[in-house]
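Before any comments, here is the structure.
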Amino acid sequence: MISIDPTDPDPDTTGADGYAVNAQYYDLIFPAAQRDAMSAALTTLLPGARRVVEIGAGTGQFTEVLVANLPEDGEVFAVEPAAVMRAALTTRLAALGAPPVTVLPDDALTAEVNGPVDAVVLLHVLTHFSPVDRRALWARWVPRLTPGGLVVVDVQAPQTPVDVPPTVMPGRTLGRRRYDTVSRAAVEGDGLVWTVTYRVHEGDRLVSEDSVSFPSFIASDAVLHAELREVGCRPVTDPPAGVLAWRAGNGPG
Ligand SMILES: C[S@@+](CC[C@H](N)C(=O)[O-])C[C@H]1O[C@@H](n2cnc3c(N)ncnc32)[C@H](O)[C@@H]1O
C-alpha cells in the first residue's frame, strides 16, 4: 500500500507511484460503459479539431479515439508523465502503425506544444490537480487554443467530498483469470483519499490483491464552469453525456 505523507513539501500529485501498480490492470478494470460514453462524446465533439492535446493519455484508450476522429492532416499530442502508463500507450499506438501522435513524457504544467491547438482533452485526470494546479492548467492551455477551440473533461464523481463505501467494480477476464476492484474513499480535508484494491481471481480462488491509496481533488461542475469562465471560455450547451466542454473566446459555437 502506498501511503501519502502529508508533511512532504513536494508531494507527487501525478499519482505515478499508484500507476506503477495500477497500469497492469488499467484496461482490464476500466468500466466498458464509461469507455463507450467517453468515446461517443469525443466522436461528437471533436470532428474539425486538427491539433489535439490529450492530457494524461494513460494507456491510450482514448488516444485511439482521438486519432480516429482526426482530419487527414491532423495530429495529437499525448501528454503522459508516468513511464509505466506510457509503455502501454506507445505499445497501443505502435499497433496502429504510424499514427500522427507525438507522445510527450511531461507533466501537463510544463509540457510544450508549438503553435495553437484546436482542443485540449482531459479524461479521468483532473482528480490529480489541486485547485491551484487546475488554475495553472487552464492558464497554460486555454491561451494556446484557437478561437472556438475546445476544452473537454469528464464529469467528476463525486461532486462533493463524501465518504464512499467499499464498492466492487467487475472487470474483464483473461484466460483463466478474472479481474475486479474494490474502491473506497475517505474524506480528507477538502478532498478524498481513494483506496483501490485490484483483485485477481481464478475460479473461486483469490489469486492476488494489490492496494494503492491516492489523494483526489474534487471539482464540481459549478467550480469548473467558474474556473473556465474566468479564463474566457464559454460552456458548450447540451454536451454529450458524461462530459463537460467549453469553447475558447468568441469563436464559432
Ligand atoms: C486515470 S488515468 C486516465 C488515463 C486516460 N485519460 C483514460 O481516461 O483512460 C490518469 C492519467 O493522468 C496522468 N497524470 C497524472 N497527473 C498528471 C499531470 N500532472 N500531467 C499530465 N498527466 C498526468 C497519470 O499518469 C495517468 O496516466
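Each residue of the sequence shown is one higher than the last, beginning at 23 in our numbering. Idealized CB from N, CA, C, for every residue including glycine. Computed from a predicted model, the values in this text were never measured in an experiment.
The alpha helix (DSSP H) enclosing residue 51, as first and last residue numbers: Counting along the chain, the alpha helix (DSSP H) containing residue 51 begins and ends at 48 to 51.
Grab the span of the alpha helix (DSSP H) containing residue 249 for me, first residue to last. Per DSSP, residue 249 is one residue of the alpha helix (DSSP H) stretching across 243 to 252.
Decide if residue 143 is buried, meaning its Cβ has at least 16 other Cβ atoms within 10 Å, or exposed. Residue environment: residue 143 is assigned as buried (16 or more neighbouring CB atoms within 10 Å of its CB, all protein chains considered).
Using a 10 Å radius around the Cβ and a threshold of 16 neighbouring Cβ atoms, would you call residue 53 buried or exposed? Around the C-beta of residue 53, fewer than 16 other C-beta atoms lie within 10 Å, and the residue is accordingly described as exposed.
Close beta carbons around residue 163, own chain, < 6 Å, minus the five adjacent residues each side: Closer than 6 Å at Cβ, skipping near neighbours: 142.
Does DSSP put residue 225 in a helix, in a strand, or in coil? In the three-state scheme derived from DSSP, where H, G and I count as helix and E and B as strand, residue 225 is classed as coil.
Examine the Cβ distances between the segment 100 to 109 and the segment 117 to 131 and report whether three or more of them are shorter than 8 Å. The segment 100 to 109, when compared against the segment 117 to 131, does touch it at the 8 Å Cβ threshold.
Classify residue 190: buried if its beta carbon has 16 or more other beta carbons within 10 angstroms, exposed otherwise. Result: exposed.
With DSSP collapsed to three states, give me the class of residue 153. Residue 153 falls in the helix class under three-state DSSP.
Would you mind reading off the limits of the beta strand (DSSP E) that contains residue 195? Per DSSP, residue 195 is one residue of the beta strand (DSSP E) stretching across 186 to 196.
Identify whether residue 86 lies in helix, strand or coil by the three-state DSSP scheme. Three-state result, residue 86: helix.
For ligand 1, any of its heavy atoms closer than 7 Å to the Cβ of residue 83? Checking the Cβ of residue 83 against ligand 1 gives yes.
Is the closest heavy atom of ligand 1 to the C-beta of residue 134 under 7 Å? Checking every heavy atom of ligand 1 against the Cβ of residue 134, none is found closer than 7 Å.
Name, in chain order, the residues that DSSP records as bridge partners for residue 176. For residue 176, which the question treats as bridged, DSSP gives the partners 265.
Check whether residue 97 and residue 114 have beta carbons under 8 Å apart: Contact flag unset, no.
Can you tell me which of the three DSSP states residue 147 falls into? In the structure shown, residue 147 sits in coil (DSSP, three-state: anything other than H, G, I, E or B).
Distance, residue 49 Cα to residue 139 Cα: Rounded to the nearest angstrom, the gap between the Cα atoms of residue 139 and residue 49 is 28 Å.
Within its chain, find whatever has a CB closer than 7 Å to the CB of residue 247; leave out the 5 residues flanking it on each side and keep chain order. 257.
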